[in-house]
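In this note's numbering, the protein residues as written are 517 to 1017.
What follows is one structure encoded as structure tokens, with my remarks underneath.
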């Protein structure tokens, strides 16, 4: 910290003005002082008093000399008290385009000409609604507001000041009271491409006003909100977060199937060209993927999370998986694991087996655009404007699985469908906090390789599969599946394992 202070003093006191003009980016991350906590901390660590004195000196030196940094383009500060004088000085910097305020106190009650920034991030201390005139929206491209009360004030200020013609990326944390101003704000952003929204489930209470964002490419937010937000907006990518407290445990709870189905159907009404979909934790049930495979024919990237149940039974490891047996059942719970009962085969239908289930009549040969040879995939040509794509119309019954491993194996054996044009598939295993790693029994590389090979044979465009965790990635290059790359060995870790004499 002393070195930082010496540098600031050098820049400010140098007789050569070019010294301060050479600085283009400054990041000062200093914590706000709480008198009770600070005094108690100093009693435990007396040397910290000197550190705090240096922090105060750095803040004072920087705020008094900020006007000298005429070429400053990026400023990231944390733990500052922003006064009106300091903010006005910032507004005089001609090249400042990016400003990030983290845990700052903004004390700018009177309006003034705002900063013409391109990137702005704000997370203020104490949920103050002051300072909403600090930034102008005329050049703003990225906006990140992480506190509900200040965010509402900022949006109100932007709406009253005029349109934001260049805003592309929006990341907001709002409460229920900010809903109306949020949609009024969206109407001022014609070029918006990406929205990340953190808001309570009450945000989507079927009273959302109509708004149009013709170029929106992706939306990330709670699943309840996403369903209502999808109406009238041809979004290309959806990342659906679970509703709730946002805690780790809530993320690991399977989403309500009724809410998930309603949301997917709402998205499908106007976003049939959806190409990227990320689901929250879902139950060990095939119905969500059956709906997705049937509805989103152009989907290229699918990501979802599964969690082993709390009462996971001990299972013996098998080298080859031929039949799920009693590890799955029909949704009515009546099955003893027989294939005939699962498929409910009628006398007049063609006999199905595990190898061709969902692929239609094996005696009929239809040519599709996805491969050069004849295939028996049953597909319906669905017209969406001028684009035609295939929707998986195979015969699949809803089945319930008892573990993550059996769910993945049923995907491989075509008991659970995927979109026909799938290119990237990610199946994450959310850690069950009530089970140990040994109890969850992660799949071996050999098991996953077998699954990946079967999926790649069926889905010809599939070139990336992630199973269990992001480190276990299989990629297809030149028609050959490559297993995950081995992590480089840390030499220090090896040294620690050598016993000392």
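All C-beta atoms in this analysis are idealised placements derived from N, C-alpha and C, irrespective of residue type, glycine included.
Computed from a prediction, not measured in an experiment: that's the story for all the values here.
- Within the same chain, Cβ atoms closer than 6 Å to the Cβ of residue 802 are found at 914, 915, 932, the five residues on either side in sequence being excluded.
- Contact between the segment 982-989 and the segment 804-812 is absent: fewer than 3 CB-CB pairs across the two stretches fall below 8 Å.
- With respect to the 9 Å criterion, residue 690 and residue 657 are not classified as neighbours on the basis of their beta carbons.
- Going by beta carbons, residue 717 and residue 730 fall outside the 9 Å limit.
- With a contact defined as Cβ atoms closer than 8 Å, residue 978 and residue 939 qualify at about 6 Å.
- Judged by DSSP in its simplified three-state form, residue 668 adopts helix.
- Shown here, residue 569 sits in a helix according to DSSP, grouped into three states.
- Secondary structure note for residue 797: its beta strand (DSSP E) is the uninterrupted segment 792-797.
- For residue 653 against residue 677, the beta-carbon gap comes to about 6 Å, under 8 Å, which counts as contact.
- The three-state secondary structure of residue 992, taken from DSSP, is strand.
- For residue 922, the enclosing alpha helix (DSSP H) begins and ends at 920-928.
- Per DSSP, reduced to three states, the secondary structure at residue 945 is strand.
- For residue 692, the secondary structure class from DSSP, reduced to helix, strand or coil, is helix.
- Here residue 996 is exposed, its C-beta having fewer than 16 other C-beta atoms within 10 Å.
- For residue 772, the three-state secondary structure derived from DSSP is coil.
- Between residue 794 and residue 756 the beta-carbon gap is near 6 Å, inside 8 Å, which marks them as a contact.
- DSSP places residue 624 outside any alpha helix (DSSP H), giving it a letter other than H or E.
- Setting aside the 5 residues that flank it on each side, residue 618 is surrounded in the same chain by 594, 639, each with a C-beta closer than 6 Å to its C-beta; the list follows chain order.
- Around the Cβ of residue 567, a 10 Å sphere holds fewer than 16 other Cβ atoms; the residue is exposed.
- DSSP places residue 630 in the coil class of the three-state scheme, outside both helix and strand.
- Ranked by Cα distance from residue 686, the first of 972, 615, 662 is 662.
- Across the set 681, 671, 679, the C-alpha of 671 shows the shortest separation from the C-alpha of residue 696.
- For residue 719, the closest of 735, 991, 734, 698 by C-alpha to C-alpha distance is 698.
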